[in-house]
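Report on the structure given below.
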Amino acid sequence: MTSTASGHDAPVVSVRNLRIAFPGTDGPVPAVHGLDLDVEPGTCVAIVGESGSGKTVTARALAGLLPATAAWSADRFDVAGQDVRSAGERTWRRLRGRTVGFVLQDALVSLDPLRPLGAEIGETLRTHRIVRGRGAVRERVHELLASVGVPQPEVRARQYPHQLSGGLRQRGLIAAGLAGSPALLVADEPTTALDVTVQAQILDLLALEKTRGVTILLISHDLAVVARIADRVLVMRHGEVVEQGAAQDVLRRPAHAYTRELLHAVPSAASRGFRLGSEATSSTSVTARVPLVRPAPDRSAVVLSADHLHKTFRSHGRAPRARQDAERRHGEIVAVDDVSLQVVRGETVGIVGESGSGKTTVARIVLGLVEPDAGTVTVNGQPWTGVPESRRRRLRKDVQLIAQDPLSSFDPRYTVGRIVAESLDAVGVRGDERRRRVLEVLDRVQLGASYVGRHPRTLSGGQRQRVSIARALAPHPALLVADEPVSALDVSVQAGILDLLAELQTETGTSVLFISHDLGVVHHVADRVLVMTGGRVVEQGGVDDVFHRPTHEYTRTLVGALPALGA
Amino acid sequence: MTALDTQAAPTVDAPLAPTVDAAPSRARVGGRTGTPGVVGRRLLGTVLVLWASVTVAFVALQLAPGSAVDALVPPTVRTPEALAAVTAEWGLDRPLVQQYGDYVVRLLHGDLGTSYQLHRPVIDVIGSQMGPTVQLATAGLGVAVLLAVILAVSTAGRPWASRIAGGAELAIVSIPEFWLGIVLLFVFSFSLGWFPVAGAGGVSSLVLPAVALGLGLVGLISQVLREGVERSLEQPYTLSVRARGVSETGLRLRHSLRHASLPVVTLLGWLVGGLLGGVIIVEQVFGRPGIGVVALQAAQARDLPVVLGIALLSALVYVTVNTAVDLLALLIDPRLRSRS
């Protein structure tokens, strides 16, 4: 889709040589240097990049919302034909909401939790006096909510953020952004933290708004999300635009090595059996995938066997919050309903499902942290459920966890060495033997001996996850339970972690239970997959079978909602 | 008990759920499900606390040195007729259980006994003096809240302003009410003649006592309020609000203040207790009629029925205020309504 709307094609945004810097301990730290950007009316321009690329700072600058400490300059900075380089707070206030609408990620924290949704949307209308009078504002709010696909707008407008689902919250946030009919809608990661089916709906909504003539600047870390609606794409790294062009050109025929690396690092069906990281990239040739060699799983050795698991939580219990409203029946939530699974030696079994599907509860049962109401689990043939903790403790070394957020799973006062050693204390490995093993596993996860004395807070997200993997690996476990291990990581860091896990599995022959909401990741890593929804397994089998020839309707919805890179 | 519960109330801005797991659900329609239950439990708690204080008052009467008659009749007026009258009035010759039952029933009818010093029913003594005290306490609290809101909202997040305001607040908190009252009287009444020196006639006589009573609380309230506003300004939603073109003042007044008011409302529940003490002093300094004078005189004359009546009254006030505070918290934070 090219620029279709309005006759005048003066760009809504025209920026030349934008520079933004933040004060650091050794002089200013540049966040953006020399960015040029034009957004034509009625189009969608996307800025793609990883953390620290400067994409979010650029978005903030367009709404005049840079932190007070930021220093910025530009040769040209026009918003809706107005030079805003020397605009004061008063001018910006007039532009915000009216000329530039802003949609932030994660609507749970981006909406005021103490105010009903309608009040938040009405705020734009009242601030700019777009409609006057209580009744008129209310009516317009309902219209806006209806236009972004919120059912029963009169009811939803009166509800508070915590009473709405993630998808409805995000729609409400978009309605608030659109309330002033802005010339430009800036959407900063509008689908991050949403389930894949909800993400697809939100992207459809943004595409619909584009056909209605709304100009969109989309900020995202996810190339596949961008591919669905963007006309032009800018790829940013370290504050610079490394590549830009028509979306299909950039995504299908990337010219810059970094863009190729990013595309390459996205796990999917196509990347299965290959490494995601691309160390052997020559700058011109198309990157060849490096195959991963993994021995076939040993079908005769069953590491984990779970039979007919059931778990019901009282409504006061610790069930995923999303389900408390959805499935509360007589104060009970059925979290896991007749789930059976087997993991053999050297195998990776994936569990996919959306929030509240029960996948995390299954993980907790397998970890021996939650006792099932019915059903049994055995680990290496030994009973694992229904036995006293004193008996289970001796087996615990065999089942180790890799958590989604490693930092919160570390004792904040511990050093890296002590964190890793922790899992060895439990199995009685002490002294020199323990020190030797800590260094060995740290080496395995490509962190050298110099990391032993470091504190996790001083590490990057990827390094923290490596420490977490080292800790899990130290006692020679038979099974690693990885609960969303890469969800919080940038795509290139995620690639490194997934490659590492694959290598470690080849070297140690350990099995992995891999829990994720990301179908691409699961398709990349898993041999077999279970699809869960509402506490039940609706489909299972080999990954290619399940994802290419889904038989259950829910799986088909999931697969259909997956944003694809095309190609 | 109710009062203690309020401490758990202000979990101000904690995100309710891990964001990854916060997606689709059929949200409940209607919004206020669960509120009647919560309110009902609170009110039941209130009744229980009141009943407990009544019981404590009765036990105190029984445990006072000597017989209950000795405790009830001060030595100055102890005549055989008086003793007989009290014994008859309180039914002190009957079994303890029956006495307790009678006592509760009498309280339910508003009968708190008779003051020996004033020779009037306690309920009348207290009732006739309630008006000025309620006026003073409300005005003092109003002054405190108003000043605190202005101070906190205008200085929050502004390092120099909040440092200066913080210093001033600390200074004011450390000034005793009686001293402040005397200074105010000296400057504004004796020297400038703006306000009357004593009495409780109209608004002008209320200004100085209310300021003397309220200033001491300003510091405390505004410290908590400022911290709340600052914490709220760090929340991601403030960026959304600013992106709508809302001014800084609008953001603070319409959004941050509401978030910050949660811990303050809880604090107010506690401050009311302290307020009663302050009222007694301020009433003395400004020569105002009110409960303070009654309480002081009753305590000096060992007029036990009046003292007990005031104790029950303050328990009632305390419990009522704290229940109101709990309900107010529910009104402010919709998230508390759906939790039990």
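Protein chains in written order, with full-length UniProt numbering: chain A, 1 to 567; chain B, 1 to 340.
In this text, a Cβ means the ideal position worked out from N, Cα and C, and glycines have one as well.
Quantities reported herein were computed from a predicted structural model and do not represent experimental measurements.
Proximal chain B residues relative to residue i, where beta-carbon distance stays under 9 Å
i	result
A/T348	Going along chain B, no residue has its Cβ under 9 Å from A/T348, so there is no contact; the nearest lies around 21 Å.
7 Å Cβ cut-off: residues of chain A touching residue i
i	result
B/S247	R93
B/A243	A63, L65, R96, G97, F102
B/R258	L114
B/A333	Per the sequence shown, the amino acid found at residue 333 of chain B is Asp instead of Ala. Simply L114.
B/L239	L65, L104
From the options, residue whose alpha carbon lies closest to that of residue i
i	options	result
A/L304	A/S271, A/T378, A/F313	A/T378
A/S340	A/G346, A/I351, A/R212	A/I351
A/H310	A/R536, A/V137, A/E433	A/R536
residue 578 of chain A	A/L513, A/Q199, A/R272	Because chain A in this structure spans residues 1 to 567, residue 578 of chain A falls outside the shown range and cannot be described.
A/A478	A/G541, A/G24, A/P295, A/L513	A/L513
B/V197	B/P132, B/F286, B/S162, B/G219	B/F286
A/T191	A/K210, A/H162, A/L223, A/S181	A/L223
A/I216	A/T43, A/V196, A/D425	A/T43
B/L208	B/S222, B/G193, B/G219, B/I221	B/G193
A/V48	A/E553, A/I229, A/V214, A/G118	A/I229
A/G356	A/F410, A/G448, A/F313, A/G381	A/F313
A/S390	A/G177, A/S511, A/A426, A/P28	A/A426
A/V137	A/A449, A/G118, A/V334, A/R76	A/G118
A/D523	A/V445, A/F274, A/V467	Residue 523 of chain A is actually His in this sequence, not Asp. Checked all of A/V445, A/F274, A/V467; the closest Cα to A/H523 is A/F274.
residue 341 of chain B	B/G37, B/S240, B/V218	The structure shown does not extend to residue 341 of chain B, since chain B is modelled only from 1 through 340, so no value can be given for it.
B/S204	B/L185, B/V294, B/E81, B/Q129	B/L185
A/D249	A/A269, A/V266, A/V226	A/V226
A/E50	A/M236, A/A374, A/V467	A/M236
Chain A residues whose Cβ lies nearer than 8 Å to that of residue i
i	result
B/P236	L104, D106, V109, S110
B/S128	Within 8 Å Cβ-Cβ: nothing; B/S128 doesn't reach chain A, min ~43 Å.
Extent of the continuous alpha helix (DSSP H) run through residue i
i	result
B/P305	304 to 332
residue 343 of chain B	Any answer about residue 343 of chain B is impossible in this case: the structure gives chain B only from 1 up to 340.
A/A257	257 to 265
B/R226	204 to 233
A/S390	389 to 393
B/W160	159 to 173
Contacts that residue i makes with chain B (C-beta to C-beta distance below 7 Å)
i	result
A/Y554	In chain order: nothing, as chain B lies at least about 13 Å away.
N-terminal and C-terminal residue of the beta strand (DSSP E) that residue i is part of
i	result
A/Q400	399 to 402
A/L530	528 to 533
A/V103	100 to 103
A/P30	27 to 39
A/I47	44 to 49
A/P23	13 to 24
A/W72	71 to 73
A/Q342	332 to 345
Residue i: contacting residues in chain B (beta-carbon distance under 8 Å)
i	result
A/H128	G245
A/E123	V241, R244, V246, R254
Worksheet item: In chain order, what residues of the region 102 to 113 of chain A put their CB closer than 7 Å to some CB of chain B?
Response: F102, L104, D106, L108, V109, S110, L111, D112, P113
Worksheet item: Looking at C-beta atoms only, is the number of pairs between the region 104 to 111 of chain B and the region 274 to 286 of chain B that lie closer than 8 Å three or more?
Response: no
Item to complete: Quick one: which residues of the region 167 to 184 of chain A get their C-beta closer than 9 Å to a C-beta of chain B? List them in chain order.
Response: G167, L168, R169, L173, A176, G177, A179, G180
Worksheet item: Three or more C-beta pairs closer than 8 Å, one from the region 48 to 68 of chain A and one from the region 82 to 97 of chain A: is that the case here?
Response: yes
Practice prompt. Specify whether the region 529 to 548 of chain A and the region 367 to 376 of chain A touch according to this definition: at least 3 beta carbon pairs, one from each stretch, less than 8 Å apart.
Written response: no
Practice prompt. Evaluate contact between the region 234 to 244 of chain A and the region 32 to 51 of chain A, counting only Cβ atoms and requiring at least three cross-stretch pairs below 8 Å.
Written response: yes
Worksheet item: With a cut-off of 8 Å, do at least 3 Cβ pairs link the region 110 to 121 of chain A to the region 156 to 173 of chain A?
Response: yes
Discussion item. Which residues of the region 143 to 161 of chain A have a Cβ closer than 7 Å to any Cβ of chain B? Give them in chain order.
Written reply: V155, R158, Q159, Y160
Fill in: Within 7 Å of chain A by C-beta, residues of the region 252 to 277 of chain B in sequence order
H255, R258, H259
Discussion item. Could you check whether the region 44 to 52 of chain B touches the region 317 to 326 of chain B, counting it as contact only if at least three pairs of C-beta atoms, one from each stretch, sit closer than 8 Å?
Written reply: yes
Practice prompt. Flag this pair as touching only if the region 290 to 306 of chain A and the region 252 to 260 of chain A have three or more C-beta atom pairs under 8 Å; answer yes or no.
Written response: no
Discussion item. Across the region 412 to 428 of chain A and the region 444 to 459 of chain A, are there enough close Cβ pairs to call them in contact, namely three or more that are closer than 8 Å?
Written reply: yes
Worksheet item: Do the region 83 to 93 of chain A and the region 173 to 190 of chain A make contact, defined as three or more Cβ pairs closer than 8 Å?
Response: no
Discussion item. If contact is defined by three or more beta carbon pairs under 8 Å, each pair taking one atom from either stretch, is the region 280 to 298 of chain B in contact with the region 168 to 187 of chain B?
Written reply: yes
Worksheet entry | Cβ contact (3+ pairs, closer than 8 Å) linking the region 139 to 150 of chain B and the region 203 to 219 of chain B | yes
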